[in-house]
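In our numbering, the protein residues as written are -12 to 225. Even glycine gets a Cβ: it sits at the ideal position worked out from N, Cα and C.
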């Protein structure tokens, strides 16, 4: 009968800790979804949760003990991808008043980011980059400004590339419509298949978490059976 008080302590020592590990935070919803899909394809269970106190940031959590394997999967796939900065990010923070050259550079960077986001919203697009060549007016050489040009690079899933190539005229119009003086004919569009994600390297050594969980369950059943036998013996002798 003296072994009974040790039962909860023994079970507590054998049962593995529960709960999830936080893998990533402050992700945009698109980034979080890409991470979730990649982990699911490699057999890593993960959850996407909206961060408390914000409507635009997400957190990815994985089961306890799976963080190392999850990080290897994401490193192999180069995830999460950097999200292009748009108008809100470039001009949202205050600071020192920029020079006209700096202001224009920031504007072009923000406009390129907004256009890249629009292209990435299309089904099948993995990543998009937009480069704008919009020469500024030169007050010393009126009328000598080169014609504006732009280029769009689209990386797509193999199954979606053909459909996206049919949208090239629309992509040109989309970019040209965002910049004054830019014609659709001056927008170059390159659509290329995204490289297939490399296989994540196999985890080395034993996977201790499933083994410990199995041992803990077996120990719990054994101790339960012993406690029931002691109880029945006490009833019979009593």
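In the three-state DSSP reduction, residue 50 falls in the strand class (E or B). By the Cβ rule, the stretch 156 to 170 counts as touching the stretch 94 to 104, because three or more pairs are nearer than 8 Å.
By DSSP's assignment, residue 120 forms a beta bridge with 136. No Cβ-Cβ contact shorter than 8 Å links residue 150 with residue 120.
Taking 8 Å as the cut-off, the Cβ atoms of residue 48 and residue 36 count as close. The Cβ atoms of residue 34 and residue 12 lie no closer than 8 Å to each other.
For the 8 Å CB-CB criterion, residue 57 and residue 10 form a contact. The beta carbon of residue 216 is closer than 8 Å to none in its chain, skipping five residues each way along the sequence.
Membership of residue 7 in any alpha helix (DSSP H) is not indicated; the residue belongs instead to the beta strand (DSSP E) covering 7 to 14. Straight through space, the alpha carbons of residue 51 and residue 7 are spaced by roughly 5 Å. Collapsing the DSSP output to three states places residue 31 in coil. Taking C-beta separations shorter than 6 Å and ignoring five residues to either side along the sequence, the partners of residue 140 in its chain run 116 and 177, following chain order. For a cut-off of 8 Å, the C-beta gap from residue 113 to residue 144 is around 6 Å, short enough to register as a contact.
Residue 42 holds the alpha-carbon nearest to the alpha-carbon of residue 14 among 42, 26, 28 and 27. Taking 8 Å as the upper bound for CB-CB distance, residue 91 and residue 137 are not in contact here, some 16 Å apart. Secondary-structure assignment with DSSP links residue 45 through a beta bridge to 14 and 37. The C-alpha of residue 135 is placed about 7 Å away from the C-alpha of residue 173. Residue burial is scored here from C-beta neighbours: residue 106 has at least 16 other C-beta atoms within 10 angstroms and is therefore classed as buried. Linking residue 171 to residue 156 through their CA atoms gives a straight-line distance of about 8 Å.
By the 16-neighbour rule on beta-carbons within 10 angstroms, residue 179 is exposed. When secondary structure is reduced to three states using DSSP, residue 57 falls in the helix class. Of the residues 118, 18 and 38, the one whose Cα lies closest to the Cα of residue 69 is 18. Residue 108 sits in coil when the DSSP states are folded into three classes, being neither helix nor strand.
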